[in-house]
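If you want the numbering used here, it's the 1-based position in the first sequence plus 4.
Worksheet: the structure to be examined is printed underneath.
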Amino acid sequence: MCADHDADEGEDKIAKKARLEQLEPMEVAQYYTNRYHAAMERLNVLSPSIEPHASGHIMEQIALVQSILDAGLAYVSNGSVYFDVRKYQEQTHKYGQLSGRVIEEMLATTRDLDGQEEKRFSGDFALWKKAAPEHIMRWPSPWSDGFPGWHAECTAMGAKYLGSPFDIHGGGMDLIFPHHESEIAQCVASTGHTPCRYWMHNNMITINGQKMGKSLGNFITLDEFFTGSHKDKDGKEMLEQPYSPMTIRFFILQAHYRSTVDFSNEALQASEKGFAKLMEAYKTLGRITPSGNATVAQVSELRAKCYDAMNDDFNTPIVISHLFDAARIINQANDGKLKLSQADIDELKGVFDTFLFEVMGMKDETSSDNTALIDGLMKIILDIRATAKANKDWCTSDKIRDALGAAGVTVKDGKDGATYSY
RNA sequence: GGUCGUUUGGCCGAGGGGCUAGGCACAGGUCUGCAAAACCUGCUACUCCGGUUCAAAUCCGGAAGCGACCUCCA
């Protein structure tokens with residue numbers, strides 16, 4: 005799969021920031037791009053194979069605009085080029101197909117906006133905008149010195165790198181109209197077919213039931229989640245603790261992508277514990293000794309159930325619920341209440357590997373290059389403690405456990421000796 | 001104002017005509033030197049008002065709350 009992810013530059017905000025900090029606009033863009041990449045990496049999001057910049061594809065966007073003009077579905081007005089929505093609609097009846105909008109209804113509710121007088125119809129959108137003198141980002145074109153309309157970059161770059169049509173176009177639900185609707189119109193107008201086969205729209209994020217937004221003062225960045233520090237506009241600390249990248253990822257996976265996802269301390273802590281439980285069960289699996297040859301029915305059904313859930317529009321919450329069922333089976337076997345064959349153990353491990361780690365992209369945050377060393381050290385410490393316990397020297401054994409606890413390592417006594425987690 | 005979506009137990013969240021996920025929290029129990037973990041048990045919910053149906057959280061109509069969008073910019 006080839007993933008193409010545009011790096012939008014966002015002219016106005018960047019220009020403002022650049023003036024403020026006396027930097028080149030591209031430096032500002034790079035700063036945010038770098039920060040974004042760092043956060044994505046921590047979340048274990050695979051990096052895209054291509055990440056094109058809109059400003060590096062002005063030629064392609066000009067060509068796109070020209071082809072729409074050639075098709076007679078756009079017009080030049082005062083150096084800007086606008087898409088002729090009404091004419092397009094007469095020919096194709098497709099405008100509004102994605103978003104469920106009806107052109108006639110939009111007519112009645114148009115707000116007062118910039119540059120309306122240049123348009124033949126208020127629903128027309130810009131393909132190329134003539135730049136005002138103070139505009140920093142500007143390029144020459146057959147029509148004026150200016151910049152491409154917002155929707156042009158995705159249409160041009162998607163076609164160039166992914167083919168036309170390509171398979172899946174993603175994005176937030178808030179972009180359905182006008183952005184994605186207009187992308188379809190541009191592509192149909194210039195090529196005769198839609199840009200992609202499927203649209204995947206993810207829902208919004210809310211905080212304590214309220215939309216996350218800068219204007220509401222409840223905008224929390226990923227880095228703030230990771231460090232556990234975020235003050236709201238009244239200076240109140242919103243996060244009770246740091247939330248690790250995998251906690252955030254697991255939390256998001258526990259809701260369907262089309263539903264809104266609501267962040268709260270209570271919900272995030274639930275995810276943290278839930279994921280830790282799955283990871284513990286996975287590690288426990290490695291310690292279970294197989295008994296018997298009979299396979300457990302619940303284990304053999306597991307993989308198919310997980311595939312069914314994924315095939316049902318990526319229903320990751322259901323996949324996770326099956327993994328919790330698997331965790332219970334593992335723990336029951338560990339308690340000696342259930343017998344697992346070697347085949348069962350292999351299958352359980354395989355299902356975790358496939359779905360938790362590969363498909364859902366979770367990873368063990370406790371593992372590091374020092375794992376072997378820590379394991380060795382812990383063995384020594386727990387050995388000493390076991391000796392103390394054998395001598396009923398509770399004072400020493402509790403002291404070791406309490407001290408380890410304070411250092412972030414939990415000791416758990418079992419039938420076959422103690423284990424630890426951190 | 002218009003269009004669309006949504007409302008599920010203390011919390012997060014699947015599901016979407018009869019079968020009532022899962023996690024967290026809480027309570028009781030088993031095990032244990034104690035604790036933790038684990039296991040067992042309990043907590044059985046679908047905003048409200050009408051309607052359809054033998055049967056509605058689920059379908060239809062309406063109301064309220066919440067949210068997104070309504071073609072400037074991304």
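For glycine and all other residues, C-beta sits at the position ideal for the given N, C-alpha and C.
G162: member of the alpha helix (DSSP H) spanning 156–166, first to last residue. The shortest C-alpha to C-alpha distance from N82 to any of L408, P56, A376, A135 is the one to A135.
DSSP places K416 inside the beta strand (DSSP E), whose first and last residues are 414–418. Under the Cβ criterion (8 Å, minimum of three pairs), the segment 171–187 does not count as touching the segment 139–148. When the five nearest sequence neighbours on each side are left out, the beta carbons in the same chain lying within less than 8 Å of the beta carbon of D316 are those of I322, in order along the chain.
Counting only unbroken stretches of 3 or more residues, the beta strand (DSSP E) elements lying wholly within the segment 193–239 are 200–206, 209–211, in sequence order. Relative to A67, the option among A347, G354, W132 whose CA is nearest is W132. Judged by their CB atoms, F181 and L102 are nearer to each other than the 9 Å cut-off. Per the coordinates, the alpha-carbon of P137 lies some 10 Å from the alpha-carbon of D149. H97 sits exposed, since fewer than 16 C-beta atoms from the chains shown fall within 10 Å of its C-beta.
Residue A43 holds the alpha-carbon nearest to the alpha-carbon of D227 among A43, E276, I334, D329. Taking 8 Å as the upper bound for CB-CB distance, I211 and N222 are in contact here, some 5 Å apart. Bounds of the alpha helix (DSSP H) holding F328 are 320–338. Residues I334, N335, N338 of the same chain have their beta carbon placed closer than 7 Å to that of T288, with the five preceding and five following residues left out of the count.
In the DSSP secondary-structure assignment, V80 is bridged to V85. Assignment of beta-bridge partners to K134 by DSSP yields G150. By alpha-carbon distance to G104, the top candidate from V49, E185, Y92, G153 is E185. If the five residues before and after L47 are omitted, its C-beta is found closer than 6 Å to the C-beta atoms of P249, R253, all from its own chain and listed in chain order. As the crow flies, the alpha-carbon of M216 is around 8 Å from that of I224. Three or more beta-carbon pairs separated by less than 8 Å are not found between the segment 25–35 and the segment 231–251, which leaves the two stretches without contact. The three-state secondary structure of T264, taken from DSSP, is coil. Between the alpha carbons of G278 and V413 lies a gap of roughly 18 Å.
By the criterion of a C-beta distance shorter than 8 Å, T251 is surrounded in its chain by L272, S275, E276, F279, once the five residues flanking it on both sides are discounted. Between I378 and R389, the CB-CB gap reaches or exceeds 9 Å. Remark: C-beta atoms of L306 and L360 do not approach each other more closely than 9 Å. Taking C-alpha positions only, G290 is separated from P52 by approximately 34 Å. A direct Cα-to-Cα measurement between P152 and Y424 gives close to 58 Å. Annotation: V303 to M382 spans about 32 Å, alpha carbon to alpha carbon.
The secondary-structure analysis by DSSP pairs S425 across a beta bridge with T414. Counting the other CB atoms within 10 Å of its CB gives P56 a total of 16 or more, which places it among the buried residues. In terms of CA proximity to I324, F356 leads the group S71, D348, F356, N207. Contact between S84 and E121 fails: their C-beta atoms lie close to 11 Å from each other, not under 8 Å.
Note: E241 is bridge-paired with K235 in the DSSP secondary-structure output. For D171, the enclosing beta strand (DSSP E) begins and ends at 170–176. In this structure, DSSP gives I140 a state outside helix and strand, which the three-state scheme calls coil.
Judged by DSSP secondary structure, P182 falls outside any alpha helix (DSSP H); it is assigned neither H nor E.
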